[in-house]
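Chemist:
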Amino acid sequence: MIRTRRTATAAAGLALGVVATAVFGFAAPASAHVTVNPKEATQGGYGRIAFRVPNESDTASTTKLEVVLPENGPVGSVSTMPVPGWTVAVEKRKVDPPIEVHGSQLTEAVSKLTWTATGDAAVKPGQFQEFPVSLGPLPQVDRMVFKTLQTYSDGNVSRWIEEPTPGGEEPENPAPVLTLTAAAPTTAPAAATGPVADDDDDDAEGNGLATGLGIAGLVAGVGGLVLGGLAFARTRREPAAKA
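In our numbering, the protein residues as written are 917 to 1159.
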């Protein structure tokens, strides 16, 4: 009898646990991971992105971050922004064919960036840190996947290296992804049309009319002066004749 009661109690407890997990979400929460911000940029242009690194451990700090640049989309120019308390090492690899940047042919491209904390600059539990990077010209690909390793002070390493599948669920350890969109087409300036030329003709006609009126006014003024002079001379002669 006691065994029956215990079995029933255990079964009830198990069922309650399953219901609580399904209804209230008591399962282990999904862990935060390294992301790139912003998440989109334009092909062929230059972009400023930042790798955002949250610290997931409750007892250890993040002391190193390794970011691998994708081989299918090499970038000719990569520069990092100083992060207080962190040093950065840049690794390069040979590329073939070369990358054209501002008319120059580059045979090397940055392949990996490694940030290492110095002193007390490590990312502590409950904190996050951003590592800004400027890069370009961005390649003509749909996306750039940055496989990343996050090392903790206790020796543990989080490997954010799984590529997402279009239309699929997010991987357990997703790599940061930068989506690249095509540049907007440039619009050619509109050609000159007939009405514009008509406006110019109207201006020319208006200027000609004004000039003609000005000349006519000048002639009329001269004629008035001549007539006035004759009238004055006639007035001077008439008194002399009466005397």
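Backbone N, C-alpha and C define an ideal beta-carbon position, used for all residues, glycine too.
1. Leaving out five residues before and five after G1052 in sequence, what residues of the same chain have Cβ atoms less than 7 Å from its Cβ?
2. What separation, rounded to the nearest whole angstrom, lies between the Cα atoms of F967 and G1042?
3. Taking the beta carbon of V1057 as the centre, do at least 16 other beta carbons fall within 10 Å, making it buried, or is it exposed?
4. Taking its Cβ as the centre, do 16 or more other Cβ atoms sit within 10 Å of V939, making it buried, or is it exposed?
5. Locate the beta strand (DSSP E) running through M1060, then write down its first and last residues.
6. Please state whether DSSP places A1037 in a helix, a strand or coil.
7. State the CB to CB distance for the pair L1094 and S1027, rounded to an integer number of angstroms; the pair is presumed to be in contact (CB under 8 Å).
8. Here's the rule: buried if 16 or more other CB atoms are within 10 angstroms of the residue's CB, otherwise exposed. What is T1060?
9. Once you ignore the five residues that flank D1070 on each side, which residues in its own chain have a CB closer than 6 Å to its CB?
10. Please go through the same chain and pick out, in chain order, the residues whose beta-carbon is closer than 6 Å to the beta-carbon of R1009, but skip the five residues on each side of it.
11. Quick one: using the 10 Å Cβ neighbour count with 16 as the cut-off for buried, is A1100 buried or exposed?
12. Can you tell which of T1030, P1014, S973 has the C-alpha that lies nearest to the C-alpha of W1002?
13. Between which residues of its own chain and N953 is the CB-CB distance below 7 Å, once the five residues before and five after are set aside?
14. Beta-carbon within less than 7 Å of L1065's beta-carbon, same chain only, minus the 5 sequence neighbours each way: which residues are those?
15. Does the Cβ of V1006 have 16 or more other Cβ atoms within 10 Å, making it buried, or fewer, making it exposed?
Modeler: Reading from the atomic positions:
1. G961, Y962, G963, V991, S993
2. 17 Å
3. exposed
4. Because V939 sits at a pLDDT of 39, beneath the cut-off of 50, its placement in the model cannot be relied upon, and the following sentence gives the value as read from the coordinates. Per the 10 Å Cβ criterion, exposed.
5. 1059 to 1061
6. coil
7. Not confirmed; about 16 Å, so no contact.
8. Going by the sequence as given, residue 1060 is Met instead of Thr. By the 10 Å Cβ count, M1060 comes out buried.
9. A976
10. S1027
11. exposed
12. T1030
13. I965, A966, R968
14. E982, V1073, R1075
15. exposed
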